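Asker: Have a look at the structure that comes next, please.
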Amino acid sequence: MKKLLVVFISALIMVAALFSITVLSDDVSKISLVPGNAVAGNCLFTVNVTAHIPDGVELSHIGFFVNVPEELKVDNFQTCCIEGVFSTPELEDPSTFKIIWDADSSSFPTNDDILLGTFTFASDTPFVIGATYEIGIEVDPDNMPVNMAGEPVSFSFDSCTVVISKRDTHVGDPNGDAKINLTDASIVMKHIAKWGAHTCNPVQADVNNDCKINLADVSLLMKNIAKWTTARIGHNDSVTVVKAPTCKEAGKSTLTCRNCGDSITVDTNAVSCSYKKTTVTAPTCNKEGTDKYTCSMCGDSYTKTVKATGKHNYLKGICCDCGYNSGTSKVYTVGQKWTVAGQWEFTVDSVTVHRFCNNQAPSDDSYFGGEEVVFVNYTYKNLGYQKNGLGLYICATHFETLDQNLDFASNYPCTHEKIPKRIEVGKNHTASEAFVLKEDSSHIVLNVSIYRSDKSVKENATFVLKIS
């Protein structure tokens with residue numbers, strides 16, 4: 013495969029085979045190809061194009077071809093900042109790259125060797141040690157070198173042979189200043205972004221030796237600059253963790269180059285503690301809470317105070333945290349008496365989790381489906397209730413129980429309950445009823461409905477009760 017490259021160059025002299033021009037001095041005008049470092053395992057190498065124009069020679073226009081070996085392709089041609097205009101017209105012949113330079117209003121600089129530009133040649137497969145590539149250069153007959161007066165100028169061309177050598181792993185210095193720092197990372201970024209005004213050695217820029225120049229090279233270079241022990245430049249490493257680091261101890265990892273097989277084991281720095289938060293005490297509307305942070309690796313822990321929320325947590329108009337009643341209707345809480353004159357007093361003493369039976373709580377799809385079993389412990393007193401000569405009796409049939417999401421709870425048969433019983437006027441009794449809540453809750457709602465002894469009125473009361 014071959015490619016054409018056309019560039020207008022600013023400083024050359026023409027070897028005019030067609031113009032019968034003779035060379036008047038040993039100090040001739042010439043364009044040379046100068047190979048860069050070409051190493052095994054890579055897929056890129058560079059070739060510089062330089063020009064030498066003796067003092068007193070004017071060059072205003074020239075064109076030439078660079079012949080591309082069949083196994084290679086031109087990945088990039090980067091011109092340097094000299095006066096004049098470069099062009100690289102595309103040709104039908106892919107084996108040739110054409111470059112034309114036109115001085116515009118000035119002639120090519122003289123006396124010094126001038127860097128005109130840099131070719132980056134690429135291969136589809138990594139180079140092997142000892143392989144050679146002939147890169148040829150010749151004048152373009154349609155763009156012979158001439159001076160400002162349009163007269164032919166004599167010059168010669170030097171081709172080059174690129175020999176693949178053992179890879180030098182000391183890469184990462186694309187600007188060639190013998191230092192590896194953030195400037196190099198910046199240059200690689202500019203090369204990826206195709207900025208025009210910068211000089212970048214692609215071989216040095218391929219930091220991870222994967223035959224590509226991309227953000228992975230920038231990342232590896234930055235990590236190497238930051239002294240990450242696993243960031244080994246010049247190799248395309250796979251990383252095997254031998255011992256994972258913790259917050260107390262360094263770890264070990266083995267780096268193995270995918271290209272050359274070189275392998276080393278390095279220490280990896282200890283990591284920071286990994287803290288997981290658990291709530292010790294949740295904040296309420298008027299009280300601070302506490303969170304605990306515990307490292308999952310070393311067990312180190314600390315606590316942190318959480319500010320009070322400043323917002324009420326309402327359930328049926330009652331704040332579950334401070335007991336504030338936002339409504340006008342009476343809602344009772346734990347310990348408050350509901351009194352119906354001449355009939356009864358009713359008090360919920362507590363609501364407790366019945367842990368002994370929790371492991372027997374049926375699954376959600378059963379008749380008693382739920383997550384948590386609670387006891388409603390209550391006391392009632394007969395203030396004058398008489399029905400057919402019988403006393404007061406308050407049990408689960410008088411209750412409607414809901415969890416904090418207002419989902420109905422189910423009665424739960426439990427032998428640990430304190431059985432309610434019928435009591436005479438003036439007597440009181442303490443009992444308990446078990447319920448299965450659909451979801452774990454901090455509070456429940458208990459609606460109590462009881463007819464007066466003469467059945468004239470059904471009395472109702474609502475309780476919002478904290479589970480303890």
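Plus 12 on top of the position in the sequence shown (first one is 1) and you've got the working numbering.
Backbone N, C-alpha and C define an ideal beta-carbon position, used for all residues, glycine too.
These numbers were taken from a predicted model, which means no experiment stands behind them.
Taking DSSP as the reference, what is the three-state secondary structure of His455?
Answerer: strand
Asker: Decide if Ser22 is buried, meaning its Cβ has at least 16 other Cβ atoms within 10 Å, or exposed.
Answerer: Only weak support is given to the placement of Ser22: the predicted model assigns it a pLDDT of 35, under 50, and the question is left unresolved by the model.
Asker: Taking the beta carbon of Ser453 as the centre, do at least 16 other beta carbons fall within 10 Å, making it buried, or is it exposed?
Answerer: buried
Asker: Does the beta-carbon distance from His441 to Lys478 come in below 7 Å?
Answerer: no
Asker: Please classify Asp125 as buried or exposed, where buried requires at least 16 neighbouring CB atoms within 10 angstroms.
Answerer: exposed
Asker: From Val18 to Asp136, what distance separates their C-alpha atoms?
Answerer: Per-residue confidence for Val18 stands at a pLDDT of 35, beneath the threshold of 50, marking its modelled position as unreliable; no derived number is given.
Asker: Is there contact between the segment 239-252 and the segment 262-282, where contact requires at least three CB pairs shorter than 8 Å?
Answerer: yes
Asker: Please state if the CB of Ser72 and the CB of Met160 are separated by a distance shorter than 7 Å.
Answerer: The Cβ-Cβ distance between Met160 and Ser72 falls below 7 Å.
Asker: Helix, strand or coil for Thr211 per DSSP?
Answerer: Correct three-state label for Thr211: coil.
Asker: Have a look at Gly311 and Thr258 and give me their C-alpha separation to the nearest angstrom.
Answerer: 12 Å
Asker: Could you check what DSSP says for Asp170 in three-state terms: helix, strand or coil?
Answerer: strand
Asker: Report yes if the CB atom of Ser44 is closer than 7 Å to the CB atom of Phe167, and no otherwise.
Answerer: no
Asker: Which residues share a DSSP beta bridge with Val51?
Answerer: Ser177
Asker: To the nearest angstrom, how far is it from the Cα of Asn394 to the Cα of Ser362?
Answerer: The C-alpha of Ser362 is placed about 20 Å away from the C-alpha of Asn394.
Asker: For Ala23, which three-state DSSP category applies?
Answerer: Residue confidence is low: Ala23 scores 33 on pLDDT, short of 50, so the model does not pin down where it sits. No coordinate-derived value is stated.
Asker: Give the straight-line distance between the Cα atoms of Ser461 and Lys319, rounded to the nearest whole angstrom.
Answerer: Distance between the alpha carbons of Ser461 and Lys319: 40 Å.
Asker: Check Val35 in the structure and name its three-state DSSP category.
Answerer: Note that Val35 has pLDDT 37, beneath the 50 cutoff, so the model's placement of it is unreliable and no number is given.
Asker: Mind listing, in chain order, the continuous alpha helix (DSSP H) runs of no fewer than 4 residues lying wholly within the segment 350-434?
Answerer: 367-370
Asker: Relative to the alpha-carbon of Lys323, which residue among Ser308, Thr296, Val343 has its alpha-carbon at the smallest distance?
Answerer: Thr296
Asker: Tell me the residue span of the beta strand (DSSP E) that contains Asn79.
Answerer: 73-79
Asker: Could you check the C-alpha separation between Glu104 and Ser198 for me, to the nearest Å?
Answerer: 36 Å
Asker: Could you check if Leu402 is buried or exposed, using at least 16 other CB atoms within 10 Å of its CB as the buried criterion?
Answerer: exposed
Asker: My understanding is that Phe358 touches Thr413, with C-beta atoms under 8 Å, so please give their C-beta distance in whole angstroms.
Answerer: Phe358 to Thr413, Cβ: 15 Å. No contact.
Asker: So what does DSSP say about Leu267, is it helix, strand or coil?
Answerer: strand
Asker: In this structure, how does DSSP classify Ala115 when only helix, strand and coil are distinguished?
Answerer: The answer is coil: DSSP assigns Ala115 none of H, G, I, E or B.
Asker: In its own chain, which residues sit with a C-beta less than 8 Å from the C-beta of Thr34, not counting the 5 before and 5 after it?
Answerer: Residue placement at Thr34 cannot be trusted, given a pLDDT of 37 that sits under 50; the coordinates are not used to answer.
Asker: Which of helix, strand or coil does DSSP assign to Ala134?
Answerer: strand
Asker: Starting from Ala228 and walking both ways along the alpha helix (DSSP H), at which residues does that stretch end?
Answerer: Where Ala228 is concerned, the enclosing alpha helix (DSSP H) starts and stops at 227-237.
Asker: Please tell me whether Asn298 and Cys334 are closer than 7 Å, where the distance is taken between their beta carbons.
Answerer: In contact: Asn298 and Cys334 (Cβ atoms closer than 7 Å).
Asker: When the Cα atoms are used, what is the spatial distance from Glu383 to Glu451?
Answerer: 5 Å
Asker: To the nearest angstrom, report how far apart Asp170 and Pro47 are at their CA atoms.
Answerer: 11 Å
Asker: Would you mind sorting Thr132 into buried or exposed? The rule is 16 or more other CB atoms within 10 Å of its CB.
Answerer: The residue is buried, with at least 16 neighbouring Cβ atoms inside 10 Å.
Asker: The beta strand (DSSP E) that contains Val151, what's its start and end?
Answerer: 144-151
Asker: Leaving out five residues before and five after Thr173 in sequence, what residues of the same chain have Cβ atoms less than 8 Å from its Cβ?
Answerer: Pro47, Thr144, Tyr145, Glu146, Ile147
Asker: Note down the Cα distance separating Gly396 from Lys470, rounded to an integer number of angstroms.
Answerer: 16 Å
Asker: Since Asp279 sits in a beta bridge, which residues does DSSP pair it with?
Answerer: According to DSSP, residue pairing for Asp279 in a beta bridge involves Lys264.
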